[in-house]
Each structure stands twice: as C-alpha cells, then as structure tokens.
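Chains as they are written, first to last, in numbering that gives the first Met the number 0: chain L, 0 to 252; chain U, 0 to 252.
One structure is given here, and the rest of the page talks about it.
Number of protein chains: 2
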Amino acid sequence: MKPELLLSRIRVVLCRPSHPGNIGAAARAMKTMGLSDLRLVHPRTFPDPEAEARATGAVDVLKSAKIDDSLAEALAGAVFVVALSARRRDLGPEIGVPREMAGRLLAEAAKGPVALVFGNESVGLSNDEIQQCHAAVTIPTNPEFSSLNLGSAVQVLCYELRTLAFADNLPAVDPTVTPFSSPLASHDELEGLYAHFAAVMTATGFLNPEQPGRLMPKIRRLFGRARIEKDEINILRGILAATQNTTGHARKN
Amino acid sequence: MKPELLLSRIRVVLCRPSHPGNIGAAARAMKTMGLSDLRLVHPRTFPDPEAEARATGAVDVLKSAKIDDSLAEALAGAVFVVALSARRRDLGPEIGVPREMAGRLLAEAAKGPVALVFGNESVGLSNDEIQQCHAAVTIPTNPEFSSLNLGSAVQVLCYELRTLAFADNLPAVDPTVTPFSSPLASHDELEGLYAHFAAVMTATGFLNPEQPGRLMPKIRRLFGRARIEKDEINILRGILAATQNTTGHARKN
Chain L
0 MKPELLLSRI RVVLCRPSHP GNIGAAARAM KTMGLSDLRL VHPRTFPDPE AEARATGAVD
60 VLKSAKIDDS LAEALAGAVF VVALSARRRD LGPEIGVPRE MAGRLLAEAA KGPVALVFGN
120 ESVGLSNDEI QQCHAAVTIP TNPEFSSLNL GSAVQVLCYE LRTLAFADNL PAVDPTVTPF
180 SSPLASHDEL EGLYAHFAAV MTATGFLNPE QPGRLMPKIR RLFGRARIEK DEINILRGIL
240 AATQNTTGHA RKN
Chain U
0 MKPELLLSRI RVVLCRPSHP GNIGAAARAM KTMGLSDLRL VHPRTFPDPE AEARATGAVD
60 VLKSAKIDDS LAEALAGAVF VVALSARRRD LGPEIGVPRE MAGRLLAEAA KGPVALVFGN
120 ESVGLSNDEI QQCHAAVTIP TNPEFSSLNL GSAVQVLCYE LRTLAFADNL PAVDPTVTPF
180 SSPLASHDEL EGLYAHFAAV MTATGFLNPE QPGRLMPKIR RLFGRARIEK DEINILRGIL
240 AATQNTTGHA RKN
C-alpha cells in the first residue's frame, strides 16, 4: 500500500482541547506530514480565528475537521487506537515509544482506519478515555520538564509516522496476526463485547456495579492487547449469550 | 559521556525570528528534550510577553538566551554546525535527514560545543548564513505543504537528538508487558483455562463435543496471542465459574 494512502487513514483525535491555537497548530503539523483526518471531541472554542492563524496553509484540514460528542463517536470504525500518555498508569493498555507505535499504527492502517488520541493540555486523557484505546505512546522527555506543547506532540508523532511510512523497512506484516485471520474488530464492536461481559458478570454476581473495582479495566487491557478479530468477537459473544440463555432458561423453570 | 551532558552542549540558534511566540515555543521544545543553550540573532521582538507565554515552564531557557549581533558571533567556539534547510541548494554543505544529522551532532558534541541553526519563518537562512554551516538537515515533509512551524521544527530535531542520545541507555520496551502487570500464566494454567471454557461451552450447548469444529483452536489462538497473565486467568475463570454457579443454582430450583 502506498505511504500516502496509509497516512491518510490515520485519524488524529483531540479530546477537549482548551486552546484554539493548538488546534490550528495540530492541523498544520498533520498536513506537513501528509495526514488530514482531524477529529475534535468537545473543543472549548472552535472555530476560532486563532486556530486559523496558527494553521496557516492547513486551514483546509481545520475546515474539514469533524466535531464529535464523545471519544467513542470519534473512534467509530477505527481498528486500532493509540493514546498519547505522559505517564505510566497502574492499569492501562500496553505502552511504547513513538517509533514503535508509529510502526504499529502503519501496520494496522493497512487493514482499516486507525486513530491517535491526544488529551487536554492540562489534564490529559481521563482513565475512561485511556481505557477505550488499544495501546499508548509516551514521548520520552526531560524528567525535569516533560510538558510538551500539544501541537508539538502532534508534530513529533506525525513526523515519526511519515518517516516510517516512507522508509524501506516498514514492518509490512503484523507478527501477531497469522494468515487467514479474519478482519480486526472495530472500536464499536470491542465496546459491544465489553458491555456484554459487564452484563454477564453483573447478572452472575461476579461484578458488583456499585463496587466495580478494576475488573473492567483488566478485561479491556487483555482484549485490547490481543488485537481481537471480528470472528473472535462473535465467538466470545456467542459464549456469553449462551450462558445468558441457559441462566435465563433455568430461572424460568 | 553522559547523554545529559551531550545534550547540554548543543546550541540552538534562531536567525532573525519574526514572531516572539516562536521563540517561546523553541525554548519550551528545547527544555522538554534536555537542551538549554538558546541564541538569538537579531530577533525582531524580544523579550516579549508572547514569548514568555508560549515558553510556559521554560522561561528560564528564555531568560538565559544570549542575543547576538551576527550568526558568526552566535557560532563562536562551535566545532560543528548544522543548518535547517527546507530546500536543496546548488552550492551548499552536505545535506541529511534528522536522524542522520542528530547522530553527527552528538558525535561532535563529545568533542566540543555544536550548533543547530534555524532561519527566519518566511525567508529561511540566507546563502551567506548557510555557507557558515558545516552540514544541513532537511525534515522530510509533504511536498504539497512543507511549511513546518519554526517551533515545531525545533521540537522535531530536539526530539531526535534526545532519542538518539539515550538510545543505548533506553530500557528495551517489551510491548506486551505493562508496568505492574502480573507474571505470565504457565502452560498448565492456560490449559486449565481452555478446559474451563470447553466445559462452560458444552454445558450451555454452544459447543457440541461430537462436532467441535474449530471453536477450541480459535479460543486457543486468541488467548495464546495475548500472552495472558496469571491474574487474567483468574478473572476469566472467575467469570466462567460464576456463570456455572448461576446456571447450576438456577437448575436446582
């Protein structure tokens, strides 16, 4: 697949950006590296003249940006999602450096749309948002001052993506996916699986919705890491449904 | 030589920057990557509140920036000098990509101070300025829109410098192991999980042991690929056991 096409399949999602200037800077950073699909989840101020000023010749990327009501909406259809995260979390998706995650994103982009998710300038991504991502990337910084500007972070990652997309040694094959595998599940299919797990776990008393603890994050981490396929989602949901039917049927007796 | 020391020997020189905001962004970009020696040759407006606002926590880099009357003055003492150049010139120094030139800069920094020179936002570096540099670096961009922001260009190059400076010292990131994760499950624990799945699937009628098809191989492929942890085995078997208890309990009624 042509590098230009791979890059066009990479969506950049900004969650709750505070400063319109950073939205413009992100659009410019994307376009210089050949990306164009920008999504904005609850931007504080948009559109805004400051965003257009900072976008300069990338105002087209800004104009075609889609505004979404939730991260889930922005991720619809994406087969692989990477969150930028400045800190290690106790329980989160696997984490890697930009070069490594750029490789993963490009490999998955050959199969369908992928997304790179950035949090708010001050507070980053919420745990709930991180849980919706399959992997995380950290840009290594000076431990005494790790506060990268949002536009600069977008620039660094888009730069790595373009550099790798045009390199000769692009990892064309994802080693975790064997031949004859079915297509990867989309973001919404994965969310459907998690909801089904939660329903079964709650019905059986294994999960107490009042005190959920860390069960669901652990389930998400496991299946997010596995890069689950459509076919496998069907099997797992089939098993879950079968236990529900049995339980329901038994209860009626 | 320690990576921190090598990075501290790399000077960033901005020639005739027009926008004070970009000077602040450059200072911030430098500090996030462990650089601190900023030189300004004929800045149009400096100091300026806009520069301080964009520098955020890197105001110290801004405050200690030296203002020079000429590029020659800014380069005094430097043993190796690389210019950022967006275009190839008929007659100029050798030109390379960021990764390559970051390597050269770090190698030379072991011998003495080195410099990375950036031109004005609109007109770049003059031929006379380019001639004072030993090598040039071009950041590969989208040929249809190559207009990288000055602060973003500083960020990309400082990022490459830090990544390379720490390359040997960086702990190898195993993408499958996240911090605080539990140990990987053993072979027999995995087999126990598969047997438990088979039991539940058979009890619910989802799996017909007479005609098992490819269900179990698919389950094995999924969890084998995920490199499942002990902790995760316990959760999955807990869920399976909970569905069995509910079913069994209901049946007794």
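Cβ coordinates follow ideal geometry from the N, Cα and C atoms, glycine included.
- Against Gly191 (chain L), chain U offers no close residue; the least beta-carbon distance is about 16 Å (beta-carbon pairs closer than 9 Å).
- Interface annotation, Ala82 (chain L): not in contact with chain U, CB-CB separation never under 8 Å.
- The beta carbon of Ala28 (chain L) falls within 8 Å of a beta carbon belonging to chain U, placing the residue at that interface.
- Boundaries of the alpha helix (DSSP H) harbouring Glu188 (chain U): His186 to Ala202, taken from the DSSP string.
- With fewer than 16 other Cβ atoms inside 10 Å of its own Cβ, Ala71 (chain U) counts as exposed.
- Leu37 (chain U) is classed as buried because its beta carbon has at least 16 other beta carbons within 10 Å across all chains shown.
- Contact residues of the segment 137-171 of chain L toward chain U are Ile138, Pro139, Thr140, Asn141, Phe144, Ser145, Ser146, Leu147, Asn148, Gly150, Ser151, Gln154, Val155, Tyr158, Arg161, Thr162 and Phe165 (C-beta to C-beta distance below 8 Å).
- When C-alpha distances from Tyr193 (chain L) are compared across L:Ile22, L:Ala134, L:Asp59 and L:Arg219, the shortest belongs to L:Arg219.
- Going by beta carbons, Ala114 (chain U) and Ala166 (chain U) fall outside the 8 Å limit.
- For Gly95 (chain L), the enclosing beta strand (DSSP E) starts and ends at Glu93 to Gly95.
- Within a 10 Å sphere around the beta-carbon of Val136 (chain L) sit 16 or more other beta-carbons, which makes this residue buried.
- Listed along chain U is no residue with a C-beta nearer than 8 Å to that of Lys62 (chain L); the closest approach is about 14 Å.
- At the C-beta level, Glu228 (chain L) and Ser181 (chain L) come within 8 Å of one another.
- Where Arg27 (chain U) is concerned, the enclosing alpha helix (DSSP H) starts and stops at Pro19 to Thr31.
- Within its own chain, the residues whose Cβ lies closer than 6 Å to the Cβ of Gly118 (chain U), once the five positions on either side in sequence are excluded, are Cys14 and Leu124, listed in chain order.
- Restricting attention to beta strand (DSSP E) runs no shorter than 3 residues, the segment 117-148 of chain U encloses them at 134-136, ordered along the chain.
- When C-alpha distances from Leu5 (chain L) are compared across L:Leu163, L:Asp230, L:Pro211 and L:Glu190, the shortest belongs to L:Leu163.
- Counting C-beta pairs with one atom in each stretch, the segment 144-161 of chain L and the segment 8-25 of chain L have three or more that are closer than 8 Å, which means they touch.
- The beta-bridge partner set that DSSP reports for Ala114 (chain U) consists of U:Arg10 and U:Val80.
- Below 8 Å, enough C-beta pairs join the segment 27-44 of chain U and the segment 56-72 of chain U to call them touching: three or more.
- Using a CB distance below 9 Å, the part of the segment 215-231 of chain U facing chain L consists of Lys217, Ile218, Arg220, Leu221, Phe222, Arg224, Ala225, Arg226, Ile227, Glu228, Asp230 and Glu231, ordered along the chain.
- Flagged as an interface residue toward chain L: Val199 (chain U), by a C-beta distance shorter than 8 Å.
- For Leu206 (chain L), no beta strand (DSSP E) run applies, since DSSP gives it neither H nor E.
- In the structure shown, the three-state DSSP call for Asp36 (chain U) is strand.
- Taking the C-beta atoms as reference points, Lys1 (chain U) is found no nearer than 8 Å to Glu231 (chain L).
- Sixteen is the threshold: since fewer than 16 other Cβ atoms of the shown chains lie within 10 Å of the Cβ of Ser185 (chain U), the residue is exposed.
- Here Gln243 (chain U) has Ala198, Val199 and Ala202 as same chain residues with Cβ atoms under 8 Å from its own Cβ, once five neighbours each way along the sequence are excluded.
- In the DSSP annotation of this structure, Lys65 (chain L) is not part of any alpha helix (DSSP H); the continuous beta strand (DSSP E) holding it starts and ends at Lys65 to Asp67.
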